[in-house]
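Novice:
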Amino acid sequence: MAKINVPPAPPVTLVIFGAMGDLTRRLLVPAMINMTRLGLADEGLHILGVGIDPGDDQTLREELDAFTPEPGGEGAVEKGAAWEQLKSRISYLQGDFTSDDVYQSIADRIGQAASGNAAFYLAVQPRFFGDIVDKLADHKLTVEAEGVFRRIAIEKPFGHDLASAQALNARILKRVAESQIYRVDHFLGKETVQNIMTARFANMMIERLWNADSIDHVQITAAETVDVGTRGKFYDATGALRDMVPNHLFTLLSMVAMEAPNSFDAEAIRDEKGKVLRALRHYTPAQAKENGVRGAYTAGTLDGRSVPAYTDVPDVAGDSTTETYIALKLMVDTWRWHGVPFYLRTGKVMAVRDTEVVIQFKPVPFTQFDDTAAANVPPNRLVIQIQPDEGLRMDISIKRPGLAVETAPVSLDFHYASHFDVAHLVGYETLLYDLFTGDQTLFQRADGIEAGWAAVQPFLDLWAEGGSPAPYAPGSLGPDASDALLARDGRAWHSLAAEEKSA
Ligand code: BG6
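FYI, the numbering for the sequence shown is 168 to 670, going by this note's numbering.
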């Protein structure tokens, strides 16, 4: 939620590990600029960037100044006076965050700020997460004196599989309390993702039908047009499943499938989300084979640009079997969702950029319109458009005007942009504000993370045994096997927005 009518965050030093990295310049600092502009971050806020590159305060400021995002692209914010104010409060500490000296300097810098509050943001490679938390704890930087907070934000990926996520949680929680850990899934900073809960729990006519009696199945899609580009090293060791499913797509799934929390406080909400993730069916190897499809893109063109095959991307092994596309059929074993499949898909270089959740209702039990042109009434559908063009659409049937009895499908269509000023926020504003104010609602808890990994582990195990992803062309909607996954159940993927526009 864009926090406009709320007080500024308390004074705090935001210590960013990985200060010269991409995340800092594209998302964290632009979000801080917006927060400054909106009056959410005042002079009590300081940013201390920590990085291995040589330089001083001025170097980091210039580095951030030089960042020029594409117009309307990630990190494209109005800098103006807010940036000038913020800039003077940014400083830099050069050092190797695996060595002890740097932590002593951090302690000194935090000590210079009046409040003593600190939020440590780990925008670094995941292999450093455990080490940094240990060092922070060794140097007593995580100790919360009376009235002072010390918090740690950790970016994804949190673990590489179930065992590594469990080990990382165990290691971190040995040194720091869960209440100090903020595991970031940036999807939770998206306005429309948060709106899923509002749409459900503020609308009787939606929530009353939100169960297996009325819902046929759910589809969650995160289609991307970007290719792997310069991220070959990270991506080849990760793949679409690890990169998107146990985090972003499960965030959406848990919002859709959770029970109503008995209050809107962080623990009540995270309890309900955790229950859903624990209720995801754990497949046997045979079931995983039947219910998962993986793909990798071939060479081709997309929107006029030529795209090299995934295996030709720099830093990707020529014989790589890492997937860039994945489609899954999952089951949530609760009374509410008994027998309702959740179909998930995500991939790179697909025909269109579109993240959406589709709730497909059951067809009416019978129609009184037999023998008329209205005999085939399509089922209702609720489409939650996460991005781009955020909104909510309800597909219903009406009577086509005229003397004959004939139905026509129409859509009740709400677009955020037509009603609200949704532009200009990068999504991290709310996450940072919550980090500073101590609200963990939009962050993942240890049990939720582990439950997510447990549900995808059968696919990871199966694919580790061998085989390779099915090829798909850039600009397509994934491999044919993905359509077959639904066709087998007599269903089909929802047409994505751009397809409909061009239809
Ligand atoms: C990141 C993944 O977490 O999320 C990327 O590592 C992916 O591969 C991105 O492209 C998608 O996020 P968004 O906000 O652009 O939909």
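For every residue, glycine included, the Cβ atom is placed at its ideal position computed from N, Cα and C.
Is the beta carbon of VAL217 closer than 8 Å to that of ILE183?
Specialist: In contact: ILE183 and VAL217 (Cβ atoms closer than 8 Å).
Novice: Take ASP556 as the anchor and find which of ARG548, LEU408, PHE587, ARG567 has the nearest alpha-carbon.
Specialist: Answer by Cα proximity: PHE587.
Novice: Check whether the Cβ of VAL393 sits closer than 7 Å to any heavy atom of the ligand BG6, and report yes or no.
Specialist: Flag set: Cβ of VAL393 near the ligand BG6.
Novice: Which residue comes first and which comes last in the alpha helix (DSSP H) that contains PRO452?
Specialist: 452 to 458 is the extent of the alpha helix (DSSP H) around PRO452.
Novice: At a threshold of 7 Å, does LYS323 count as lining the ligand BG6 (C-beta to nearest heavy atom)?
Specialist: Yes, Cβ of LYS323 sits closer than 7 Å to a heavy atom of the ligand BG6.
Novice: Please confirm whether any heavy atom of the ligand BG6 lies closer than 7 Å to the CB of HIS415.
Specialist: The answer is yes for HIS415.
Novice: Considering just the uninterrupted stretch of the beta strand (DSSP E) at GLU523, what are its terminal residues?
Specialist: Here the beta strand (DSSP E) through GLU523 covers 521 to 528.
Novice: Taking the continuous beta strand (DSSP E) assigned at GLY514, which residues delimit it?
Specialist: 508 to 514 is the span of the beta strand (DSSP E), which, as asked, contains GLY514.
Novice: Tell me whether PRO638 sits in a helix, a strand or coil according to DSSP, three-state version.
Specialist: Three-state DSSP puts PRO638 in a strand.
Novice: Using a Cβ-Cβ cutoff of less than 7 Å, which residues in the same chain neighbour ALA176 once the five nearest sequence positions on both sides are dropped?
Specialist: LEU207, ALA208, LEU212, TYR600, PHE603, THR604.
Novice: Out of curiosity, what's the CA-to-CA distance linking MET168 and MET422?
Specialist: Because MET168 carries a pLDDT of 43, less than 50, the predicted location of this residue cannot be relied on, and the following value inherits that uncertainty. Taking the straight line from one Cα to the other gives about 15 Å.
Novice: Less than 8 Å between the C-beta atoms of GLY467 and SER649, yes or no?
Specialist: The answer is no: Cβ separation not under 8 Å.
Novice: In this structure, does DSSP put MET517 in helix, strand or coil?
Specialist: Note: MET517 maps to strand in three-state DSSP.
Novice: Would you list, in sequence order, the uninterrupted alpha helix (DSSP H) runs of no fewer than 4 residues that lie entirely inside the stretch 534 to 596?
Specialist: Correct list: 583 to 586.
Novice: Within the same chain, show all residues whose beta-carbon is closer than 7 Å to that of ALA281, passing over the 5 residues directly before and after it, in chain order.
Specialist: Excluding residues within five positions, the ones whose Cβ falls inside 7 Å are PRO178.
Novice: Please confirm whether VAL351 and ILE321 have their CB atoms less than 8 Å apart.
Specialist: Contact flag set, yes.
Novice: Less than 8 Å between the C-beta atoms of VAL506 and ALA379, yes or no?
Specialist: A small correction: the amino acid at residue 506 is Gly; Val does not occupy that position in the sequence shown. Taking 8 Å as the Cβ cut-off, GLY506 and ALA379 qualify as a contacting pair.
Novice: Can you tell me whether PRO197 is buried or exposed, with buried defined as 16 or more other CB within 10 angstroms of its CB?
Specialist: Classification for PRO197: buried.
Novice: Alpha carbon to alpha carbon, how far is ASN543 from PHE533?
Specialist: Going from the Cα of ASN543 to the Cα of PHE533 covers about 10 Å.
Novice: Is SER255 buried or exposed, if buried means 16 or more other CB atoms sit within 10 Å of its CB?
Specialist: Looking at its Cβ environment, which holds fewer than 16 other Cβ atoms inside 10 Å, SER255 is exposed.
Novice: Please list the terminal residues of the continuous beta strand (DSSP E) segment that includes ALA285.
Specialist: Residues 285 to 289.
Novice: Return the residue from the list THR489, ASP500, VAL516 that minimises the CA-CA distance to ASP396.
Specialist: As written in the sequence, residue 396 is Gly, which differs from the Asp given in the question. GLY396 has its Cα closest to that of VAL516, out of THR489, ASP500, VAL516.
Novice: For the ligand BG6, any of its heavy atoms closer than 7 Å to the Cβ of THR522?
Specialist: Within the cutoff, so yes.
Novice: Start and end of the alpha helix (DSSP H) containing SER331?
Specialist: Start and end: 329 to 342.
Novice: Nearest to LYS400 by CA position, among LEU598, PRO481, THR180, GLU490, is which residue?
Specialist: Answer by Cα proximity: PRO481.
Novice: Tell me the DSSP bridge mates of VAL385?
Specialist: The partner list for VAL385 (beta bridge, DSSP) reads PHE509, ILE526.
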